[in-house]
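A short worksheet on the structure shown next.
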Amino acid sequence: MRKATSLLLVMVIASSGNAIADDAKKQRLTGNWGGFRTDLEQSGVDLELNYTTETAYNAAGGSSHHTRYTDQWAFSGDFNLDRLLGFPDAEFKITITDRNGRNLSDDAHLGTLQQVQEVFGRGQTWRLTQFWYDQKYFSGLVDWKIGRLTMGEDFAAFSCEFQNLTFCGSQPGNIVGDYWFNWPVSQWATRLKFNVDDAVSMQVGAYQVNPGFLETEDAALPNNPSGTTGVMVPLEVEWSPQVGEERLPGSYKFGIWYDTSKANDVFDDINGDPAVLTGLPFEQRHGRYGAYINFEQQLARFDVDDPSRGVSLFLNATFADRRTATLDNQVALGVFCKGPFDLRPQDEIGLAVGRTHVNSRVADGERLLNEAGLGPVDVQDAEYAVELYYGVQATDWLVARPNLQFVGNPGGTGHNKDVVVIGLKTSIDF
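When you read off a place in the sequence shown, starting at 1, and then add 18, the result is the number in our numbering.
Put into structure tokens, the structure is as follows:
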């Protein structure tokens, strides 16, 4: 415990030292390259390199205490095709990611449903994460995107300041990740968005569902592996009002999805009996579906000269098909406090609580196994997570977020010890 805590403190102190303060006026660590970066951007080329790290130590829970470190490199190129080639309102983007490190949830046997280091996963490998063309029509009224897309960049999109996966990114991918692929996994897809007015938009997509995209071999290439099972069609409506005299911004998203793939029922066998008892193959269901909401609303503003400073509330809730989903719902509620102190206007405090629920039909099967003397197995219910972080915006290009996590009923069962994690998430823009 003392060793891990000292490591985290050293990293936080280093992130606010003199060397960083000297570069505080730079937007990125490597600066402006003698003006070359500005010249590129003016000609339509924006090159980005981001490095994200997550360190975690389990002060309680698990089979033993460990400190684990994982990271992600993201290399991006964004090309304004109007400036480059004279194609009005057109954009091309490519992003390649590389993930490394180890995962505390696995190595310490925490038994959690959601990872305590969200950046770990989908194979520690290089991946083609974005490779798409975007074209706007009628002064932005219609927006069309096609190529290799990640679902969460457009549908149920949410920020990822927290380190626990319960509160990070597009929520549906947290509970039906076997076919809703979030960053860094991309799929061949297309998305069409209609901006009805300044406050209302609607979008629909079509994504190739193929478990082959999860493979690590040649994952950095724009390939098309065999094994396609269907098409995922998400639909989302967003309302973005400005509330009250202060015109506080809000975002209210309502979405549904349908996947045309076949999938196993989580309980019934081919005769409609409990498969855990009969041993027969599970019933094949045609199609998988679900729905979600994603609400964010600024409640108060601290500084009229900086509208971003203030308190915002968010609510994410996702409900998946109970026929086929092992995890059938997840709910997360939280608050962001941006610029809590006048001396630290770019810092941020985040607090969130969440619940991930195991499908009761899965629990029924576990209960039947125990009653038949075929166990013992844990009968699962719900996992509860809480995270508090303080985000130190040390420079324009470096943010460090020390965090404290609590996971109750890990894995949805009281068999696992409750978990306390001390973490540190950092992000560097080069």
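Just so you know, even glycine gets a beta-carbon here, dropped at the ideal spot from N, CA and C.
What is the rounded straight-line gap between the Cα of D286 and the Cα of Y197?
The sequence position of residue 286 within the sequence shown is 268, counting from 1. The sequence position of residue 197 within the sequence shown is 179, counting from 1. For D286 and Y197, the distance between alpha carbons rounds to 21 Å.
Please report the distance separating the alpha-carbon of A293 from that of G129.
For the purposes of this step, residue 293 is taken as residue 275 along the sequence shown, with counting starting at 1. For the purposes of this step, residue 129 is taken as residue 111 along the sequence shown, with counting starting at 1. Those two C-alpha atoms are separated by around 25 Å.
DSSP on R101, reduced to helix/strand/coil?
Taking the first residue of the sequence shown as 1, we reach residue 101 at position 83. Reduced to three states, the DSSP call for R101 is helix.
Please check the pair P394 and Y408, which I expect to be a contact at CB under 8 Å, by giving their CB distance rounded to whole angstroms.
Locating residue 394 in the sequence shown gives position 376, where the first residue counts as 1. Locating residue 408 in the sequence shown gives position 390, where the first residue counts as 1. No, P394 and Y408 are not in contact; Cβ-Cβ is about 42 Å, not under 8 Å.
Just verifying my parser: in three-state terms, what is the DSSP assignment at F185?
As a working note, residue 185 is residue 167 in the sequence shown. In the structure shown, F185 sits in a helix (DSSP, three-state: H, G or I).
With a CB to CB cut of under 8 Å and the five nearest residues on each side skipped, what residues in its chain are close to G158?
Your numbering for residue 158 matches position 140 in the sequence shown. Closer than 8 Å at the Cβ level, and outside the excluded window around G158, lie D107, N213.
Scan the stretch 327-363 and note each continuous beta strand (DSSP E) run of 3 residues or more that stays entirely inside, going in chain order.
Those beta strand (DSSP E) runs which fall completely within the stretch 327-363 and span 3+ residues are 328-338, 345-356.
Would you mind sorting D324 into buried or exposed? The rule is 16 or more other CB atoms within 10 Å of its CB.
In the sequence shown, counting from the first residue as 1, residue 324 sits at position 306. When all chains shown are included, D324 counts as exposed.
Please go through the same chain and pick out, in chain order, the residues whose beta-carbon is closer than 6 Å to the beta-carbon of L102, but skip the five residues on each side of it.
In the sequence shown, residue 102 corresponds to position 84, counting from 1. If we look at L102 and ignore the five residues flanking it on each side, its Cβ neighbours are G62.
Would you check if the distance between the CB atom of D116 and the CB atom of W150 is smaller than 8 Å?
In the sequence shown, counting from the first residue as 1, residue 116 sits at position 98. In the sequence shown, counting from the first residue as 1, residue 150 sits at position 132. Contact: no.
In whole angstroms, what is the alpha-carbon distance linking V353 and N182?
For this step, residue 353 is matched to residue 335 along the sequence shown. For this step, residue 182 is matched to residue 164 along the sequence shown. Distance between the alpha carbons of V353 and N182: 15 Å.
Tell me which residue opens and which closes the beta strand (DSSP E) that F156 is part of.
On the sequence shown, position 138 is the one that residue 156 refers to. First-last for F156: undefined, no H or E at that position.
Count Cβ pairs between the stretch 253-260 and the stretch 289-307 that sit closer than 8 Å; are there 3 or more?
Output reads no: the stretch 289-307 does not touch the stretch 253-260.
At what residue ranges does the stretch 364-429 contain a whole run of the alpha helix (DSSP H), taking only runs of 4 or more?
As far as the stretch 364-429 is concerned, its whole alpha helix (DSSP H) runs of at least 4 residues are 378-389.
Taking C-alpha atoms, which residue in T342, G119, F424 lies nearest to L369?
Residue numbering aside, residue 369 sits at position 351 when the sequence shown is read from its first letter. Selected option, being the one with the closest Cα: F424.
Using the three-state DSSP reduction, which class does D41 fall into: helix, strand or coil?
Stepping through the sequence shown from its first residue, residue 41 is reached at position 23. Summary for D41: the model assigns pLDDT 34, below 50, so the residue's position carries little reliability, and this model does not support an answer.
Taking the Cβ atom as the reference point for each residue, do T342 and I193 lie within a distance shorter than 8 Å?
Taking the sequence shown and counting its residues from 1, one reaches residue 342 at position 324. Taking the sequence shown and counting its residues from 1, one reaches residue 193 at position 175. Contact: no.
Please classify S258: does DSSP put it in a helix, a strand, or coil?
Translated into positions along the sequence shown, residue 258 becomes position 240. In the structure shown, S258 sits in coil (DSSP, three-state: anything other than H, G, I, E or B).
Entirely within the stretch 103-162 and at least 4 residues each: give me those alpha helix (DSSP H) ranges in chain order.
Listed in chain order, the complete alpha helix (DSSP H) runs (minimum 4 residues) inside the stretch 103-162 are 122-125.
Write down the C-beta distance between S188 and A175 rounded to the nearest angstrom, noting that I regard them as a contact closer than 8 Å.
Within the sequence shown, the letter at position 170 stands for residue 188. Within the sequence shown, the letter at position 157 stands for residue 175. Going by Cβ atoms, the distance from S188 to A175 rounds to 6 Å, so yes, they are a contact pair.
I'd like the ranges of any beta strand (DSSP E) spanning at least 3 consecutive residues and lying wholly in the stretch 266-329.
Taking only runs of at least 3 residues, the beta strand (DSSP E) segments lying wholly in the stretch 266-329 are 266-287, 300-319.
Would you mind working out which of G80, A281, L298, S279 sits nearest I288, comparing C-alpha positions?
On the sequence shown, position 270 is the one that residue 288 refers to. Out of G80, A281, L298, S279, L298 has the C-alpha closest to the C-alpha of I288.
Excluding sequence positions up to five away, which residues of its chain have a Cβ less than 6 Å from the Cβ of Q153?
Along the sequence shown, read from residue 1 onward, the residue named residue 153 stands at position 135. Contacts found: A108, W162.
On the three-state DSSP scale, how would you describe I432?
In the sequence shown, residue 432 corresponds to position 414, counting from 1. The displayed chain sequence assigns Gly, not Ile, to residue 432. G432 falls in the coil class under three-state DSSP.
Give the single residue among D436, I440, F448 whose Cα lies nearest to the Cα of S81.
For the purposes of this step, residue 81 is identified with residue 63 of the sequence shown, where counting begins at 1. Measuring from the Cα of S81, the nearest candidate turns out to be D436.
Can you check which of these residues, E59, R209, G139, is closest to W201 by C-alpha distance?
Residue 201 sits at position 183 when you count from the first residue of the sequence shown. When only C-alpha atoms are compared, the closest one is G139.
Helix, strand or coil: how does DSSP classify V195 here?
Reading the sequence shown from its first residue, position 177 is the one you call residue 195. Checking the displayed sequence, the identity of residue 195 turns out to be Gly instead of Val. Coil at G195, not helix or strand.
Would you kindly check if the distance between the Cβ of V439 and the Cβ of Y87 is under 8 Å?
Counted from its first residue, the sequence shown places residue 87 at position 69. Counted from its first residue, the sequence shown places residue 439 at position 421. No; because the gap between Cβ atoms is not below 8 Å, this pair is not in contact.
In angstroms, rounded to a whole number, what distance separates the CA positions of L386 and F300?
In the sequence shown, the residue the question calls residue 386 occupies position 368. In the sequence shown, the residue the question calls residue 300 occupies position 282. If you take the alpha carbons of L386 and F300, they lie about 16 Å apart.
Exposed or buried, D449, counting other C-beta atoms within 10 Å across all chains shown (16 or more means buried)?
In the structure as shown, the chain begins at 19 and stops at 448. Residue 449 is therefore absent and cannot be evaluated.
Mapping the DSSP letters down to three states, classify G80 as helix, strand or coil.
By one-based count along the sequence shown, residue 80 stands at place 62. In this structure, G80 counts as coil in the three-state DSSP scheme.
Smallest Cα separation from L232: which of Q364, S279, F448, Q142?
If you number the sequence shown from 1, residue 232 lands on position 214. L232 has its Cα closest to that of Q142, out of Q364, S279, F448, Q142.
With the cut-off set at 8 Å, would you say T374 and L131 are in Cβ contact?
Position 356 of the sequence shown, counting from 1, holds the residue named residue 374. Position 113 of the sequence shown, counting from 1, holds the residue named residue 131. It is a contact, given that the beta carbons lie within the stated cut-off.
Cα separation between D124 and N434?
The count along the sequence shown starts at 1 and reaches residue 124 at position 106. The count along the sequence shown starts at 1 and reaches residue 434 at position 416. Going from the Cα of D124 to the Cα of N434 covers about 13 Å.
Could you tell me if K111 is buried or exposed, where buried requires 16 or more neighbouring beta carbons within 10 angstroms of its beta carbon?
For this step, residue 111 is matched to residue 93 along the sequence shown. With 16 or more Cβ atoms within 10 Å of its Cβ, K111 is classed as buried.
For G430, tell me which candidate among Y69, Q398, A381, Q135 has the shortest Cα-Cα distance.
Along the sequence shown, one-based indexing puts residue 430 at 412. Nearest C-alpha to G430: Q398.
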